[in-house]
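Residue numbers (this note's numbering), protein chains in the order written: chain G, 1 to 204; chain P, 1001 to 1241.
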């Protein structure tokens, strides 16, 4: 499988690339240059042909939605919304099978301690990153899933090791969201190619 | 009331400015100068400029956001999504608790899902804009506003429009969208939104469909009439009579 991982400058993306590289072809991308031993493509995730070329031939995208170092809030919001839109639009046009958005369990931190919060509960973002930006990236991805142009799976990451996150990503890659949704639909009536999975402990 | 109007030099802006000017002090901004004289003060301002929006909101009691750029991806996201973030940050900074935001009908009711199939479409549905650039960027702006209202004492009224008409220019047999209003009638809702007691709103984030009474029943403007006291004019009925 050919996998594109965004936010290459972030430690989690680098760790994921290391984990996945043994069984998959991995390409990293970032909005600024990054030194890495993996294949790397510089991309502003803009609305142009370069984003289509970035995703061409890719089977799955892991979209980490992380800021660049020292990036201001407004720019982070722009990256989480506009750049996610450009990336997913290009992915849909190029026939990418699956997108995994790495979100955060901080979105559920405002629920009282001790509650058994599940993926079906409403996220409670604050007005600041990372919850606002991750939430907005989820929202953009949801509309692609709603229209059926992409299978989108959201992994909301809590306190979890790199290995745990890598295992969750591998599970997600092994089970395309649409198939999982179809399976789930037998019990819940859902048929959307959109799945959310909570990984690790919820911050409280 | 001191009112900041963002995007006030566009198509709807002059109608809103003329409607509000007799009773309010207006500070109107836009990324380009107005093509006609507008009442109040005018500032050149890009809604995507956070510092500029915050500065423009100083001393204001309310913000009305009419800004829209729908075709280019960069500017659509800048204006419709980041613009809302900037507006809400400005409201927080200056303690402004009354905001009126605007957008198209498919900010909440994506046209693929409801307009073709359904009737009696109301604004209080989970937003489902789809990936249409205009709808999605406005929906993300609405969501940002909603999140801010969860954390701050700010009420946001979202007025959603579809198709504007100049009654004098309507031609016999002219085709029309299932959701139409005259420019003058649309401007009147902003007076209602500035006058309403915010405690009379059901929540701090409310969506309203603003259009004339239409006989086919595709969309519903009942909430706008009931809560805001909006009175649709009968000035576009020639479209179907």
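A virtual CB, placed ideally from N, CA and C, is assigned to each residue, including glycine.
None of these values were measured; they are calculated from a predicted model.
Within 7 Å of any Cβ in chain G, is that where the Cβ of residue i sits?
i                       : result
residue 1131 of chain P : yes
residue 1085 of chain P : yes
residue 1014 of chain P : no
residue 1240 of chain P : no
Can you find a C-beta in chain P that's less than 7 Å from the C-beta of residue i?
i                      : result
residue 48 of chain G  : no
residue 151 of chain G : no
residue 82 of chain G  : yes
residue 77 of chain G  : yes
residue 106 of chain G : no
residue 147 of chain G : yes
residue 194 of chain G : no
residue 191 of chain G : Caution applies to residue 191 of chain G, whose pLDDT of 48 falls short of 50 and renders its modelled position unreliable; the value that the coordinates give is listed next. Output row for residue 191 of chain G: interface = no.
DSSP puts residue i in a beta bridge; with which residues?
i                       : result
residue 146 of chain G  : DSSP lists no partner for residue 146 of chain G.
residue 1206 of chain P : P:1157
residue 101 of chain G  : G:63, G:154
residue 1054 of chain P : Per DSSP, none; premise fails for residue 1054 of chain P.
residue 199 of chain G  : G:157
residue 1065 of chain P : P:1006, P:1101
residue 1180 of chain P : P:1163
residue 194 of chain G  : G:152
residue 1028 of chain P : P:1005, P:1042
For residue i, go through chain P and note every residue whose CB falls closer than 7 Å to its CB, in chain order.
i                     : result
residue 52 of chain G : Those do not exist, as residue 52 of chain G stays about 13 Å from chain P at its closest Cβ, beyond 7 Å.
Against residue i, what residues of chain G qualify as contacts under a CB-to-CB distance less than 9 Å, listed in chain order?
i                       : result
residue 1050 of chain P : 72, 73, 74
Residues of chain G with a CB under 8 Å from the CB of residue i: which are they?
i                       : result
residue 1136 of chain P : 85, 140, 143
residue 1148 of chain P : 127
residue 1071 of chain P : By Cβ distance, chain G contributes nothing, its closest Cβ being about 11 Å from residue 1071 of chain P, past 8 Å.
residue 1140 of chain P : 81, 136, 139, 140
residue 1077 of chain P : 78, 81, 82, 85
List the residues of chain G whose Cβ lies closer than 7 Å to the Cβ of residue i, in chain order.
i                       : result
residue 1081 of chain P : 81
residue 1151 of chain P : 126, 127
Mind listing the chain P neighbours of residue i? Cutoff is C-beta to C-beta under 9 Å, in chain order.
i                      : result
residue 132 of chain G : 1085, 1144, 1147
Handout entry: Touch test, the region 132–140 of chain G against the region 1128–1147 of chain P, Cβ-Cβ under 8 Å, three pairs minimum
Key = yes
Practice task
Let me know the alpha helix (DSSP H) ranges lying completely inside the region 1075–1163 of chain P, each 4 residues or longer, listed in chain order.
Solution key: 1083–1094, 1133–1151
Practice task
Determine contact between the region 1078–1096 of chain P and the region 1141–1157 of chain P, defined as no fewer than three beta-carbon pairs at a distance below 8 Å.
Solution key: yes
Practice task
Spell out a yes or no on whether the region 25–43 of chain G and the region 90–104 of chain G are touching, meaning 3 or more CB-CB pairs, one atom from each, closer than 8 Å.
Solution key: Counting Cβ pairs under 8 Å, fewer than three are found: no touch.
Exercise for the section: Would you check if there are 3 or more beta carbon pairs closer than 8 Å linking the region 1059–1072 of chain P to the region 1034–1041 of chain P? Expected result: no
Handout entry: Three-pair Cβ contact test at 8 Å for the region 102–112 of chain G versus the region 60–73 of chain G
Key = yes
Exercise for the section: Examine the Cβ distances between the region 1181–1197 of chain P and the region 1208–1217 of chain P and report whether three or more of them are shorter than 8 Å. Expected result: yes
Practice task
Flag this pair as touching only if the region 1048–1065 of chain P and the region 1073–1085 of chain P have three or more C-beta atom pairs under 8 Å; answer yes or no.
Solution key: yes
Handout entry: At least 3 beta-carbon pairs within less than 8 Å: the region 1214–1222 of chain P vs the region 1172–1184 of chain P
Key = yes
Exercise for the section: May I have a chain-ordered list of the beta strand (DSSP E) segments no shorter than 3 residues that lie completely inside the region 88–138 of chain G? Expected result: 98–104
Handout entry: the region 118–136 of chain G contacting the region 159–171 of chain G, beta-carbon criterion three pairs below 8 Å
Key = Short answer: they don't touch.
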